[in-house]
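Just so it is clear: in the sequence shown, position 46 is 42 by this note's numbering, and no numbers are missing. The beta carbon of each residue, even a glycine, is placed where N, CA and C say it ideally should be. Report on the structure given below.
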Amino acid sequence: MLRSAGHEVSGLDLGLYEGCDLGPGPEDIGARAPRDIRDAEARDIAGYDAVICLAALSNDPLGNLNANLTYDINHGASVRLAAPSFPRIDAT
Ligand SMILES: NC(=O)c1ccc[n+]([C@@H]2O[C@H](COP(=O)([O-])OP(=O)(O)OC[C@H]3O[C@@H](n4cnc5c(N)ncnc54)[C@H](O)[C@@H]3O)[C@@H](O)[C@H]2O)c1
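This is the structure we're talking about:
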């Protein structure tokens, strides 16, 4: 959807489900090397106009297995990335 609107899109993802696809994906999703959102640094988002945060442990069984881990990723890392205190650098 974003690409069809003319935006350049790439992904920062840990790749937990890499190789688990039932078939080929719809297109190259622009994924970079696997990266944990909890380790995200200013350089990871430098030059981007916007960040859409979808990195998450997104199902209830995973949450039940380790609630703190889910909280750290889904809440803590997302809030840290969005906070005004997260360091920003220019891409240039
Ligand atoms: N799919 C839906 O219908 C739906 C609906 C409403 C809300 N959401 C929410 O949207 C978000 C994404 O959902 P989804 O269906 O794409 O989930 P998904 O499980 O398919 O994808 C989550 C992605 O996050 C990555 N990830 C997990 N931990 C990470 C980490 N520490 N660092 C970097 N990447 C990490 C995984 O590798 C995976 O690719 C979730 O928060 C989910 O709750 C999804």
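Would you mind sorting A36 into buried or exposed? The rule is 16 or more other CB atoms within 10 Å of its CB.
By one-based count along the sequence shown, residue 36 stands at place 40. The residue is buried, with at least 16 neighbouring Cβ atoms inside 10 Å.
Regarding D32 and ligand 1, is the C-beta to nearest heavy atom distance less than 7 Å?
Within the sequence shown, residue 32 is the residue found at index 36, counting from 1. Correct: D32 has its Cβ closer than 7 Å to ligand 1.
Would the beta-carbon of T66 fall within 8 Å of that of L53?
Here residue 66 refers to the residue found at position 70 of the sequence shown. Here residue 53 refers to the residue found at position 57 of the sequence shown. For T66 and L53, yes; Cβs fall inside 8 Å.
What first and last residue would you give for the alpha helix (DSSP H) that runs through A38?
For the purposes of this step, residue 38 is identified with residue 42 of the sequence shown, where counting begins at 1. Looking at the DSSP string, the run of the alpha helix (DSSP H) that includes A38 is 38 to 41.
Would you tell me roughly how many angstroms separate the C-alpha atoms of E4 and V47, rounded to the nearest one?
Working through the sequence shown from its first residue, we reach residue 4 at position 8. Working through the sequence shown from its first residue, we reach residue 47 at position 51. Cα-Cα distance, rounded: 12 Å.
Exposure of I85, with buried meaning 16 or more beta-carbon neighbours within 10 Å:
Working through the sequence shown from its first residue, we reach residue 85 at position 89. Flag for I85 reads exposed.
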